[in-house]
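In terms of my numbering, the sequence shown opens at residue 1 and continues consecutively.
Let me begin by presenting the structure, written as structure tokens, before commenting on it.
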Amino acid sequence: MAKKRVAASPEFYGGYAPGERFQAIPRPVAAIARDYPAGFAGLRHSHPRAQLLHPIRGSMLVLTPGGSWVVPPSQALWLPPGVEHEVHGRDPVSLRSIYVQPEACAGIRAECRLMAVTPLLGALLEEAARMPAEYDPEGRDGRVMQLMLDEVARMEALPLAVPMPRGEGMAGACRALLRDPGLGWGLDEVAAHSGMSRRGFTRAFRQEAGISFAQWRAQVRLRDAMARLRDGQPVTLVALDVGYDSPSAFSAAFRKAFGMRPSDAGRAPGAGG
Numbered sequence: 001m002a003k004k005r006v007a008a009s010p011e012f013y014g015g016y017a018p019g020e021r022f023q024a025i026p027r028p029v030a031a032i033a034r035d036y037p038a039g040f041a042g043l044r045h046s047h048p049r050a051q052l053l054h055p056i057r058g059s060m061l062v063l064t065p066g067g068s069w070v071v072p073p074s075q076a077l078w079l080p081p082g083v084e085h086e087v088h089g090r091d092p093v094s095l096r097s098i099y100v101q102p103e104a105c106a107g108i109r110a111e112c113r114l115m116a117v118t119p120l121l122g123a124l125l126e127e128a129a130r131m132p133a134e135y136d137p138e139g140r141d142g143r144v145m146q147l148m149l150d151e152v153a154r155m156e157a158l159p160l161a162v163p164m165p166r167g168e169g170m171a172g173a174c175r176a177l178l179r180d181p182g183l184g185w186g187l188d189e190v191a192a193h194s195g196m197s198r199r200g201f202t203r204a205f206r207q208e209a210g211i212s213f214a215q216w217r218a219q220v221r222l223r224d225a226m227a228r229l230r231d232g233q234p235v236t237l238v239a240l241d242v243g244y245d246s247p248s249a250f251s252a253a254f255r256k257a258f259g260m261r262p263s264d265a266g267r268a269p270g271a272g273g
């Protein structure tokens, strides 16, 4: 059963809302550690600083106009300054996040990208979250922050983004499926929720997303499944939750996509998301 979404005000989300104190701190980097309840649903927003989001417990779904990412505890997502985004979580999430002034991230590629979190990067994020907001930029704390940015800059992007159509009707239907990959809508229902005919939806979706709707939905389901398996959830539960009729059908699709059995996902370093 899908969990109730917890709508959040800007005050609740703090650092997720534009204009909050994290944007105004007079330091190149601002770091936070924060916990969110199961079923939280973030507001769509942007902010002048870049942001790195790293959940240390639970997985997050991040939506932008150009794509979507599931971010598990082994990974982090980089968002350049000004990118509109919204953040959702099915389960409770413990987050480590940094906000970086544009001039301080000039050496980091200006694109949304998912990256693996190395032990060093994870430790630096934890240390940054413990620092005072107005740390000494010329001392040890400033060097820690700079090393953290150097680590972010050198990390390669993981090819796990799912494209988003830009038409508002299609994008709205896709957001519903991203929040609940097991939603039982057929193609006709998805087209209807998009305000289009089946044929018009199929043609427009391929033009905007670059892949067919069936391919897109399979990617969404399998990506969500990988994140859940890495969180330790049972294979059968995951298979049914993301919309497969049976564990065997899920296992076949998972093996074809990732080259491993679902039961091996939790032991595969760097996989998933």
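Beta carbons: idealized from backbone N, C-alpha and C, even for Gly.
Can you tell me where the alpha helix (DSSP H) with Trp69 in it begins and where it stops?
-> Annotation: Trp69 is outside any alpha helix (DSSP H); the continuous beta strand (DSSP E) that includes it extends over 67 to 71.
Is Arg217 helix, strand or coil when you go by DSSP?
-> helix
Gly89 to Arg255 span [Cα, whole Å] | C-alpha separation (whole angstroms): 26 Å.
Is DSSP giving Met148 helix, strand or coil here?
-> helix
For Arg113, which three-state DSSP category applies?
-> Arg113: strand per DSSP, three-state reduction.
For His45 and Ala161, the rounded distance between their alpha carbons | Taking C-alpha positions only, Ala161 is separated from His45 by approximately 19 Å.
Please state whether DSSP places Ala157 in a helix, a strand or coil.
-> coil
Measure from the alpha carbon of Arg223 to the alpha carbon of each residue in Ala41, Ala106, Val242, Leu149, then state which is nearest.
-> Val242
Beta strand (DSSP E) containing Gln75: first to last residue?
-> 75 to 79
Residue from Glu84, Leu43, Tyr244 with nearest C-alpha to Gln219 | Tyr244
Classify Asp35 as buried or exposed, calling it buried when 16 or more other Cβ atoms lie within 10 Å of its own Cβ.
-> exposed
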